[in-house]
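The numbering used here applies: residue 1 is where the sequence shown begins, and numbers increase by one.
Glycine included, each C-beta is placed from N, C-alpha and C at the ideal position.
If you're wondering where the values come from, they're calculated on a predicted model, not measured in any experiment.
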Amino acid sequence: MNKNALFGVLFALLFPFVTSCLREGGQKVLMGNYPGVAVKRNDSVKIHLKGNDVVYSPQVNSSIDDGDCVIIDFSLDFGTPENSDSGRLKGFLTVDISNVEYVPGHDLRSELTDTATILPGEHAVAAIQQRNIFILNRFFLFTEHSADTLPLRFELSYDPYRAVTDKVYDLFLRVTKISESAAAPQPKTQYNAFNLTDLANRTTDSIVFRINYARGFSRDSTQINWAVTPTYSFAL
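Listed below in structure tokens is the structure:
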């Protein structure tokens, strides 16, 4: 891990998420809206980022559990003794995390939902954003919705035994209204992290899939108009 490699990830790969600026001398950088997955060992928490970078901050050890998916804001100072070697010896960089936002996590269901039937309270997805992140088998997905449909429940399923074409698995995203929750202002862009370990265990060097989602329904509300994302491919 080195300073140049980290900057390459920040500015080339994660530009949709990152708000950054270099301080005097180029030693300190501020990062915002940065997705990560927590790995907790005893009382120590490391947050794994895209590009195999790992950061550590003592401020969050008691508040984050192993496997939590988060979006963090942090500052990174290469001028401190802890980061003098850019984390090469320890395998991580020490940062100051100023904000932690938890991302709802869901397991991938290995039993496909009935794709021919509209679920009770099912809602269409306005759009799936192009930005996405894959870290430690967690897939961060950003979707857009009408304000009057919120809050929502998200579910991702697939049939592991269905024949695949070119090793591409078809996953199905189902979104339903949480009727028991009180209405409250929520962002139209929703983010969720799906644990794709079950799918990763069925492949070897890479995970390849696409997501089918309801873009709308027939006029008589009896059929789903399915749309599909471009194919995602991530090395394992």
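Per DSSP, reduced to three states, the secondary structure at A127 is strand.
Setting aside the 5 residues that flank it on each side, P160 is surrounded in the same chain by S110, R202, each with a C-beta closer than 7 Å to its C-beta; the list follows chain order. In the three-state reduction of the DSSP assignment, D148 falls in the helix class, which pools H, G and I. Pairing K50 with I135 gives a Cβ-Cβ distance under 9 Å. In the same chain as S63, and ignoring 5 residues on each side of it, the C-beta atoms closer than 8 Å to its own belong to V100, in chain order. DSSP places Q223 outside both helix and strand once states are collapsed to three, so it counts as coil. Under the DSSP definition of a beta bridge, A193 partners with G105, F140. When secondary structure is reduced to three states using DSSP, A163 falls in the coil class, being assigned neither helix nor strand. Distance from the CA atom of N132 to the CA atom of F140, rounded to whole angstroms, is 6 Å.
Look at V60 here: in three-state DSSP terms it is helix. K50 is not bridged by DSSP to any residue.
Between L108 and Y158, the CB-CB gap stays under 9 Å. Between D96 and S57, the C-beta gap is smaller than 9 Å, which places the two residues in contact.
Per DSSP, reduced to three states, the secondary structure at L156 is strand. With a beta-carbon spacing of about 6 Å, K28 and S75 fall inside the 8 Å limit used to define contacts. Contact annotation: D53 and L89 have beta-carbon atoms that are not nearer than 9 Å. The beta carbons of V125 and E155 sit no closer together than 9 Å. Three or more pairs of CB atoms, one per stretch, sit closer than 8 Å, so the segment 160–172 contacts the segment 201–219. Closest in alpha carbon position to G67, among V39, T197, A116, I207, is V39.
Spanning the alpha carbons of P35 and T149 requires a straight line of approximately 25 Å.
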